[in-house]
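Protein chains in written order, with the UniProt record's numbering: chain A, 1 to 151; chain B, 1 to 485.
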Amino acid sequence: MSYVLTTLTKKKEIDSIIRDTIDKVLVLRFGRASDPGCLHLDDLLSKSAREVSKFANIALVDIDSEDVQVYIKYFDISLIPSTIFFFNAHHMKMDSGTADHTKWIGAFHTKQDFIDVVEAIFRGAMKGKMIVNCPLPQERIPKYQLLYKDL
Amino acid sequence: MATLADSFLADLDELSDNDADVIEEGDVDAGNMEEDIDGDMADIESLNYDDLDSVSKLQKTQRYNDIMQKVEDALEKGSDISNQGLVLEDDPEYQLIVDCNALSVDIENEIIIIHNFIRDKYRLKFPELESLVHHPIDYARVVKKIGNEMDLTLVDLEGLLPSAIIMVVSVTASTTSGKPLPEEVLQKTIDACDRALALDAAKKKVLDFVESRMGYIAPNLSAIVGSAVAAKLMGTAGGLSALAKMPACNVQLLGAKKKNLAGFSTATSQFRVGYIEQTEVFQTTPPALRMRACRLLAAKSTLAARVDSTRGDPSGNTGRSLREEIHKKIEKWQEPPPAKQPKPLPVPDSEPKKKRGGRRLRKMKERYALTDMRKLANRMQFGVPEESSLGDGLGEGYGMLGQAGSGKLRVSAGQSKLAAKVAKKFKEKNYGSSGATSGLTSSLAFTPVQGIELTNPQAHAHQLGSGTQSTYFSETGTFSKIKRT
């Protein structure tokens with residue numbers, strides 16, 4: 001979708017990018033390029049990629065490729081788009097009031113929201129935390145209910 | 001004494017004599033002046049009513065005729081390059097060119113005088129024409145064409161004026177308050193017009209000649225500013241070497257019109273530009289860059305003039321390359337600035353916050369500082385239950401506030417440290433002032449017990465200021481209980 005962001009399809013690529021991003025937040029978006037929700041998020045990501053470039057790296061992972069299914073199972077990705085944050089090869093969790101702290105599900109309302117989230121993760125990580133609180137107010141956090149799974 | 005008085009009187013007389021002399025001389029001068037003025041007035045009056053010949057004398061002068069003759073000859077001869085070896089000033093053609101410059105200025109003045117003459121005469125016939133057609137030569141042509149005609153539809157003004165003005169002129173003519181001129185006056189007017197047109201043609205001829213020779217005399221300069229302007233510059237400067245010796249800022253102002261007369265608006269006054277204004281390069285630059293372009297042109301043309309005065313480059317290549325430079329620079333100025341790339345945000349917490357300090361900040365902080373009252377309320381005495389707002393342990397506790405030890409429930413808002421410092425300075429100033437207070441005041445106090453005692457103005461401030469010390473044991477604290485016996 002975007003020409004600015006790299007799309008990863010192989011496990012090796014994902015490994016190398018996680019290892020090689022030093023002292024910067026790594027934002028991995030898991031999703032499909034054809035999905036409208038993913039498109040919305042991708043648009044936001046590509047617009048803010050340059051602004052955040054000093055403290056964050058952004059990459060897209062295509063969930064349709066086979067290599068990547070390992071990661072999808074590991075991170076338990078069921079809804080797309082899902083965004084997972086890493087810092088110095090540590091998986092960063094964020095408490096945004098939803099049940100799942102390990103990833104961010106859905107798109108953001110505005111570019112600024114995304115930048116705020118990344119900044120919060122960066123600050124927490126620099127302090128040594130593994131889990132941070134979400135700086136966004138509750139209205140701006142997309143809520144998804146796992147209705148179908150429950151049924 | 002008498003002799004002194006006499007000498008004084010004599011001095012006075014001398015003075016008055018001197019004054020008288022001066023006044024007389026002044027009168028004589030004034031008399032002369034008045035005569036001159038009268039003479040001028042007479043001239044002006046005669047200008048109005050007398051012959052054309054008293055007005056325009058130029059065409060009769062010897063000088064004019066000489067120069068015109070030479071110009072005609074030179075124009076017929078064509079360009080003559082054989083004189084290159086000679087020093088420039090000795091060249092007779094160069095001298096002729098200098099004369100031509102002066103002559104062209106004179107011709108211009110003459111044309112203006114004739115224009116006034118025509119205007120005054122023609123005012124009886126068509127007064128509004130002078131405000132419609134401003135240019136003297138155009139005016140002369142129009143007057144000649146119209147003559148004594150009352151009906152302008154019979155007169156064809158095509159080619160003389162732009163069509164909009166022709167229309168306005170025709171409309172105004174139909175409602176004009178003028179009357180036809182008598183035959184004599186008309187003849188004089190037509191003569192004046194002819195003379196004006198002849199002078200104009202002569203001026204053109206002179207200028208053409210100068211232009212043609214300019215390329216030979218100053219090729220580099222004329223490559224930059226054009227031959228006509230180069231000729232004018234040279235003429236005003238008084239020669240090529242004089243022009244070369246001038247600094248560029250003066251060259252810029254050669255030919256600049258004088259300051260506006262007092263009372264006229266300066267809103268339309270152009271910035272300080274002279275003949276340079278008429279160059280092609282200047283006219284083609286956008287108005288915003290004109291000032292810079294003018295300075296650039298003046299500088300480069302000065303360089304070219306210097307090259308020319310020493311005959312360093314007869315081919316004119318230097319001038320052409322300078323002109324190219326000027327063009328390039330002007331184009332560069334007109335380039336749009338490079339597009340701005342959005343800056344990435346800085347890393348969070350990478351720049352430490354700049355903490356401010358100082359008096360202002362301290363005063364601001366005081367408003368939110370912990371007051372003594374709060375300090376007391378926060379602490380409790382050992383073994384002494386505190387009072388509370390709702391009684392019985394409910395509500396807010398009062399701590400040491402209102403305890404038996406202090407004897408006060410209300411704690412005065414003691415002076416803050418800053419205020420104490422200010423008070424101290426103020427007091428010192430007062431006691432240190434000389435003469436403002438009476439000489440008997442002093443900061444010493446005589447007490448019966450201790451003798452001389454100095455009051456410490458800050459003692460009161462610190463009474464309850466430092467809440468770290470318990471007021472129970474304080475030496476400056478008040479009595480806790482006073483028993484009446």
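Where a beta carbon is used, it is the ideal one built from N, C-alpha and C, also for glycine.
### Query
Could you check where the beta strand (DSSP E) with HIS90/A kicks off and where it finishes?
Residue 90/A sits at position 90 when you count from the first residue of the first sequence. Element bounds for HIS90/A: 90-95.
### Task
Starting from the Cα of GLN341/B, find the closest Cα among LYS47/A, ALA125/A, GLN112/A, GLY106/A and give me that residue.
By one-based count along the second sequence, residue 341/B stands at place 341. The shortest C-alpha separation from GLN341/B is found at LYS47/A.
### Task
Could you check which residue in ARG367/B, PRO346/B, LYS203/B has the C-alpha nearest to that of ASP99/B?
Within the second sequence, the letter at position 99 stands for residue 99/B. When only C-alpha atoms are compared, the closest one is LYS203/B.
### Task
To the nearest angstrom, report how far apart SER104/B and PRO337/B are at their CA atoms.
Here residue 104/B corresponds to residue number 104 of the second sequence, with the count starting at 1. Here residue 337/B corresponds to residue number 337 of the second sequence, with the count starting at 1. Going from the Cα of SER104/B to the Cα of PRO337/B covers about 46 Å.
### Query
Looking at C-beta atoms only, is the number of pairs between the region 237-257 of chain B and the region 348-362 of chain B that lie closer than 8 Å three or more?
no
### Message
With three or more C-beta pairs closer than 8 Å as the rule, is the region 304-321 of chain B touching the region 10-21 of chain A?
### Response
no
### Query
So, helix, strand or coil for MET41/B, using DSSP?
Stepping through the second sequence from its first residue, residue 41/B is reached at position 41. Interpretation of MET41/B is limited by its pLDDT of 39, a score under 50 that renders its predicted location unreliable; no figure is taken from the coordinates.
### Query
Which residue comes first and which comes last in the alpha helix (DSSP H) that contains ARG320/B?
Counted from its first residue, the second sequence places residue 320/B at position 320. That run of the alpha helix (DSSP H) goes 317-333.
### Query
Is the CB of LEU345/B under 9 Å away from at least one CB in chain A?
Along the second sequence, read from residue 1 onward, the residue named residue 345/B stands at position 345. Taking Cβ atoms only, chain A reaches closer than 9 Å to LEU345/B, which makes this a yes.
### Query
What does PRO348/B reach in chain A if we use C-beta pairs closer than 7 Å?
Here the question's residue 348/B lines up with position 348 in the second sequence. Residues of chain A passing the Cβ test: PHE55, GLU119, PHE122, ARG123.
### Query
Does DSSP put ASP36/B in a helix, a strand or coil?
Residue numbering aside, residue 36/B sits at position 36 when the second sequence is read from its first letter. Its pLDDT being 39, under 50, ASP36/B is placed unreliably by the model, and nothing is read from it.
### Query
Could one say the Cβ of MET130/A lies closer than 9 Å to chain B's Cβ atoms, at least one of them?
Counting from 1 along the first sequence, the entry for residue 130/A is found at position 130. No, MET130/A does not count as interfacial toward chain B.
### Query
Should VAL27/A be flagged as near chain B, meaning a C-beta pair shorter than 9 Å?
Taking the first residue of the first sequence as 1, we reach residue 27/A at position 27. No, because no Cβ of chain B sits closer than 9 Å to the Cβ of VAL27/A.
#### Entry: Partner residues on chain B for LEU126/A, Cβ-Cβ distance less than 7 Å
Residue 126/A sits at position 126 when you count from the first residue of the first sequence. It should be pointed out that residue 126/A corresponds to Met in this sequence rather than to Leu. Near MET126/A (Cβ distances below 7 Å), the residues of chain B are ASP349.
### Task
Using a Cβ cut-off of 7 Å, pull out every chain B residue sitting near THR50/A, in sequence order please.
Here residue 50/A refers to the residue found at position 50 of the first sequence. For the record, residue 50/A in the displayed sequence is Arg; it is not Thr. PRO342, PRO344, listed in chain order.
### Query
In chain order, what residues of the same chain have a beta carbon less than 6 Å from the beta carbon of HIS108/A, not counting five sequence neighbours either side?
Numbered from 1 along the first sequence, position 108 holds the residue referred to as residue 108/A. Looking at the sequence itself, residue 108/A is Phe, so the reference to His does not match. Excluding sequence neighbours, PHE108/A sits near LEU44, PHE114.
### Task
Give a yes or no on whether 9 Å exceeds the smallest Cβ distance from ILE115/A to chain B.
Here residue 115/A refers to the residue found at position 115 when the first sequence is read from its first residue. Answer yes: the Cβ-Cβ gap between ILE115/A and chain B drops below 9 Å somewhere.
### Query
Can at least three beta-carbon pairs, one atom from the region 28-43 of chain A and one from the region 80-97 of chain A, be found at a separation below 8 Å?
yes
### Task
Could you pull the start and end residues of the beta strand (DSSP E) that ARG29/A belongs to?
Numbered from 1 along the first sequence, position 29 holds the residue referred to as residue 29/A. Counting along the chain, the beta strand (DSSP E) containing ARG29/A begins and ends at 25-31.
### Task
Could you tell me whether the region 145-155 of chain B touches the region 168-185 of chain B, where touching means 3 or more Cβ pairs closer than 8 Å?
yes
#### Entry: Per-residue burial, LYS232/B [other beta carbons within 10 Å of its own, 16 or more giving buried]
Here residue 232/B refers to the residue found at position 232 of the second sequence. Buried, because 16 or more other Cβ atoms sit within 10 Å of the Cβ of LYS232/B.
### Query
Of the choices GLY128/A, VAL118/A, ASP76/A, THR98/A, whose alpha-carbon is the least far from that of PRO142/A?
The sequence position of residue 142/A within the first sequence is 142, counting from 1. Of the listed residues, the one whose Cα sits closest to PRO142/A is THR98/A.
### Message
Cutting at 6 Å between CB atoms, please list the residues of its own chain near LYS11/A, excluding the five before and the five after it.
### Response
As a position in the first sequence, residue 11/A is number 11, starting the count at 1. Answer for LYS11/A: ASP67, listed in chain order.
### Query
For SER96/A, which of ILE58/A, ARG50/A, PRO137/A has the nearest alpha-carbon?
Taking the first residue of the first sequence as position 1, residue 96/A is located at position 96. Residue PRO137/A is the option with its Cα nearest to SER96/A.
### Message
Tell me the DSSP secondary structure of VAL132/A in three-state form.
### Response
As a first step, residue 132/A is located in the first sequence; it is residue number 132 there, counting from the start. Reduced to three states, the DSSP call for VAL132/A is strand.
### Query
Under 9 Å between the Cβ atoms of MET94/A and VAL132/A?
One-based indexing of the first sequence puts residue 94/A at position 94. One-based indexing of the first sequence puts residue 132/A at position 132. In this structure, VAL132/A lies closer than 9 Å to MET94/A by Cβ.
### Message
Using a Cβ-Cβ cutoff of less than 7 Å, which residues in the same chain neighbour ASP23/A once the five nearest sequence positions on both sides are dropped?
### Response
The count along the first sequence starts at 1 and reaches residue 23/A at position 23. Result list for ASP23/A: ASN88, in chain order.
### Task
Could you tell me which residues DSSP pairs with ILE141/A in its beta bridges?
Reading the first sequence from its first residue, position 141 is the one you call residue 141/A. ILE141/A pairs with nothing; no bridge assigned.
### Query
Nearest to PHE382/B by CA position, among ASP349/B, PHE271/B, GLY399/B, LEU221/B, is which residue?
Within the second sequence, residue 382/B is the residue found at index 382, counting from 1. Per the Cα distances, GLY399/B.
### Message
Based on DSSP bridge pairs, tell me the residues matched to PHE86/A.
### Response
For the purposes of this step, residue 86/A is identified with residue 86 of the first sequence, where counting begins at 1. BP columns for PHE86/A point to LEU26/A, HIS91/A.
### Task
Taking ILE58/A as part of the beta strand (DSSP E), name the residues at either end of that continuous run.
The count along the first sequence starts at 1 and reaches residue 58/A at position 58. Counting along the chain, the beta strand (DSSP E) containing ILE58/A begins and ends at 56-62.
### Task
Determine the DSSP secondary structure at residue 511/B, reduced to helix, strand or coil.
Residue 511/B lies beyond the range of chain B shown here (1 to 485); nothing can be said about it.
### Query
For GLY215/B, which residues of its own chain have a beta-carbon under 7 Å away from its beta-carbon, when the five flanking residues on both sides are left out?
What you label residue 215/B is simply residue 215 of the second sequence in a count that begins at 1. If we look at GLY215/B and ignore the five residues flanking it on each side, its Cβ neighbours are SER222, SER227.
### Query
Where does LEU181/B sit, in a helix, a strand or coil, going by DSSP?
One-based indexing of the second sequence puts residue 181/B at position 181. In this structure, LEU181/B counts as coil in the three-state DSSP scheme.
### Neighbour flag for ILE482/B against chain A, beta carbons, 9 Å
Here the question's residue 482/B lines up with position 482 in the second sequence. Answer no: the Cβ-Cβ gap between ILE482/B and chain A never drops below 9 Å.
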